[in-house]
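Asker: Per the working numbering: the sequence shown = residues 776 to 1273. Ideal placement from N, C-alpha and C gives every residue a C-beta, glycine not left out. These numbers were taken from a predicted model, which means no experiment stands behind them. One structure is given below, represented as structure tokens, and several questions about it will come after.
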Amino acid sequence: MLMVYGPQPFPLFAQQSAQVQVTVARANIRSGPGTNHRVITTAARGETFAIVGINAAKSWYQIALAESERGWIAGSVVTVTGSLDGVAVTDGASLAAAPTPAPTVVPTTAPAAEAAGGVIVTISRSRVNLRGGPGTNYAVVGGASQGEQFPVTGRNGAGDWYMIQRADGSNAWVSASIVRVTGDAQSVATADAAAPATSNAPAQTTSDAPAPTATPAPAAAPATNTNTVSSSLPRGVAAGRLLYSVANDDAKRWELWEYDFGAQSSTKVADWRTEVDISNDGRQIVYFAWPGDAGEKAGIWIMDADFTNNRLLIPGGAYPSFNPGGDRLVVDGPNTTMYLINSDGGGLRPLASGEYPAWSPVDNRIVHRDCVGGSCGLWVIDANSNDPTARQRITTGGSDGQPSWSPDGKRIAYISKEDGNFEVYVVNSDGTNPVRVTSDPASDGLPVWSPDGRWLAFRSDRGGSWAIYIVRPDGSDLHKVVDADVLDYWFFEKMIWR
């Protein structure tokens, strides 16, 4: 039995390490547990996914995909590692509603001659999304793995997305930033794409908890201006240091980096550490360690602010967040449940259903994402509450997530794709005055406040590659900070600004 650095046995979070690994050349991932459900993407031999559910017959596994989505894969095409004890048993489909059809892509000229001419793309990253049009605001229509090759049948006018032909003859789009091109790409015909559908919210799960009465949040006001990015970051525009994770494609690992706004430079801190948070006094950093880190087990760890004195808190868990005093934390646990635990490893107890928790820097409020009675959004609960249903609803968007408190505890930044793609929003902590901060066809996410509350940092793939940007909370004064690559699972990461 696993133990924490406290007096109590701790078997709960070990379950979270259960994974499937694909054993066939290519496996379908479906919207429900059975071949009668539609294929939502595919996976190649050797790919691994976290198990979040299993059907009653134990023949299909529900797995975590990118951007908070879920899918199902047959037990006959995978091997399982880790314990299935406590994994939720469900026969529900991952996407209950009928999918929005992918946009129709109409080439301006017949692409057959270009494909026959030998222009080919080779996937250069471990896992990429294929989309229904040239942009991350289009629906994901499939996936591809590193080394896979596809004939190019078209490109968009900017030349930063390629239309490719899949094995079944259907077309899909892939970003030029994540492929290698063989042949003359400029000779490929341009193609036009229909406008992307605006309804693309992730799956909504239900909870057994009764839904508290809530007043729907008002529509978010538009951002002041986020369409113009400064070419460089002026010195003195922001202060402090930003901790963030980077996906190192060459080494096939996550890395923890720190950006110094004063020196305008980045330094690698450690390998295999993600999902960081820092205590209010600045003395402790909590993080999730992957098993690839030398000498460390997968789970939640705490280290000193100078990145030394690492100690295990929980063997498993995710998304830790400190309370104002730095002596307690809230973490993601199994079965979409939040847990409280002392910083010495004792005092473990379940709090309520929910995920992506963030503890207020000034009091006992915890903001989190949850789906109650089939309706998803952001909620606030008191950490000292013994009633898991006694909470206040802050937002009503089904895709709302990644909440981050302002330093004074008065506002919450979060992400939502209610307007068609992931953007950053800010709302008062009582749910009033929502403001859309970013406005770009790309994906914007992982917002975090500066220590003085004057800036928000966020990740974005605008321009075709991932980077970190800063912006005022009203959407003005946008600056690119530093390039910072991510995986398709960027949605599960977070940053801290100290």
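Just to check my reading of the structure: A933 and L905 have Cβ atoms closer than 8 Å, yes? What is that Cβ distance to the nearest angstrom?
Answerer: Their Cβ separation, rounded to whole angstroms, is 18 Å, which puts A933 and L905 out of contact at 8 Å.
Asker: Could you check what DSSP says for G917 in three-state terms: helix, strand or coil?
Answerer: strand
Asker: Which partner residues of D1145 appear in the DSSP bridge assignment?
Answerer: G1152
Asker: Considering only DSSP beta bridges, list what P1182 is partnered with.
Answerer: The partner list for P1182 (beta bridge, DSSP) is empty, contrary to what the question assumes.
Asker: Does V1105 come out as helix, strand or coil in the three-state DSSP assignment?
Answerer: strand
Asker: What residue range is occupied by the uninterrupted beta strand (DSSP E) comprising E1130?
Answerer: E1130 to W1134
Asker: Is the CB-CB distance between D731 and T911 below 8 Å?
Answerer: For residue 731 there is no data in the structure shown, the boundaries of the chain being 776 and 1273.
Asker: Can you tell me the Cβ-Cβ gap for E1268 and V1261, rounded? I've got them flagged as a contact below 8 Å.
Answerer: 7 Å
Asker: Can you name the residues that DSSP bridges to L924?
Answerer: According to the sequence provided, residue 924 is Gln. The question's Leu does not apply to it. Answer by DSSP bridge pairing, in chain order: T897.
Asker: Provide the residue(s) that pair with W847 in DSSP beta bridges, ordered along the chain.
Answerer: R805 and Q837, per the DSSP bridge assignment.
Asker: Within this structure, are the beta carbons of R1168 and W1154 separated by less than 8 Å?
Answerer: yes
Asker: Could you pull the start and end residues of the beta strand (DSSP E) that I1169 belongs to?
Answerer: Where I1169 is concerned, there is no enclosing beta strand (DSSP E), given that its DSSP letter is neither H nor E.
Asker: Since A1188 and V1199 are thought to touch, with beta carbons under 8 Å apart, how far apart are those beta carbons, to the nearest angstrom?
Answerer: Yes, they are in contact, since the Cβ atoms of A1188 and V1199 sit about 6 Å apart, within 8 Å.
Asker: Answer yes or no: do N1055 and F1097 have a C-beta to C-beta separation smaller than 8 Å?
Answerer: A Cβ-Cβ contact shorter than 8 Å links N1055 with F1097.
Asker: Could you tell me the distance, in whole angstroms, from the CA atom of I1141 to the CA atom of A863?
Answerer: 24 Å
Asker: Using DSSP with H/G/I as helix, E/B as strand and the rest coil, what is V852?
Answerer: Of the three classes helix, strand and coil, the one that applies to V852 here is helix, per DSSP.
Asker: Quick one: give me the first and last residue of the beta strand (DSSP E) that A1064 is part of.
Answerer: Run containing A1064: Q1059 to A1064, per the beta strand (DSSP E) assignment.
Asker: Mind checking R805: buried by the 16 CB within 10 Å criterion, or exposed?
Answerer: buried
Asker: Could you round the C-beta distance between W1272 and P1226 to whole angstroms and report it? I think they count as a contact, below 8 Å.
Answerer: 6 Å
Asker: Give every residue of the same chain whose Cβ lies closer than 6 Å to the Cβ of T988, excluding the five residues on either side of it in the sequence, and list them in chain order.
Answerer: Unreliable placement is indicated for T988, whose pLDDT of 36 sits below 50; the coordinate value is still reported in the next sentence. Contacts found: none.
Asker: Please classify D1183: is it buried, with 16 or more other beta-carbons within 10 angstroms of its beta-carbon, or exposed?
Answerer: exposed
Asker: Indicate whether the contact test is met: 3 or more Cβ pairs, each with one atom in the region 1154–1163 and one in the region 1132–1141, closer than 8 Å.
Answerer: yes
Asker: Determine the extent of the beta strand (DSSP E) in which E1030 is found, giving its start and end residues.
Answerer: R1028 to D1035
Asker: Throw me the rounded Cβ distance for the V927 and I895 pair, which I believe falls under 8 Å.
Answerer: 7 Å
Asker: Determine the contact status of I838 and V827, defining contact as a CB-CB distance below 8 Å.
Answerer: yes
Asker: Could you give the distance in angstroms between the alpha-carbon of V1201 and the alpha-carbon of T798?
Answerer: 44 Å
Asker: Who are the Cβ neighbours of N1117 in its own chain at under 6 Å, not counting the five residues just before and after it?
Answerer: R1103
Asker: Does DSSP put N1110 in a helix, a strand or coil?
Answerer: Correct three-state label for N1110: helix.
Asker: Quick one: what's got a C-beta closer than 7 Å to P909's C-beta in the same chain, skipping five residues either side?
Answerer: N931, W936, W948 and A968
Asker: Going by CA-CA distance only, name the one from R820, A832, G1149 and A793 that's closest to S858.
Answerer: A793
Asker: Kindly indicate the opening and closing residues of the beta strand (DSSP E) around L1087.
Answerer: R1086 to I1089
Asker: Count the other CB atoms within 10 Å of the CB of G1196; is the residue buried (16 or more) or exposed (fewer)?
Answerer: It should be noted that the sequence gives Asn, not Gly, for residue 1196. Buried, because 16 or more other Cβ atoms sit within 10 Å of the Cβ of N1196.
Asker: When DSSP labels each residue in this structure, what does Q791 get in the three-state scheme?
Answerer: Its pLDDT being 44, under 50, Q791 is placed unreliably by the model, and the measurement read from it follows with that caveat. Correct three-state label for Q791: helix.
Asker: Where does the unbroken beta strand (DSSP E) through P1276 begin, and where does it stop?
Answerer: Outside the shown range of the chain (776 to 1273) lies residue 1276, about which nothing can therefore be said.
Asker: Looking at A1165 and L1115, is the spacing between their C-beta atoms short of 8 Å?
Answerer: For L1115 and A1165, no; Cβs fall outside 8 Å.
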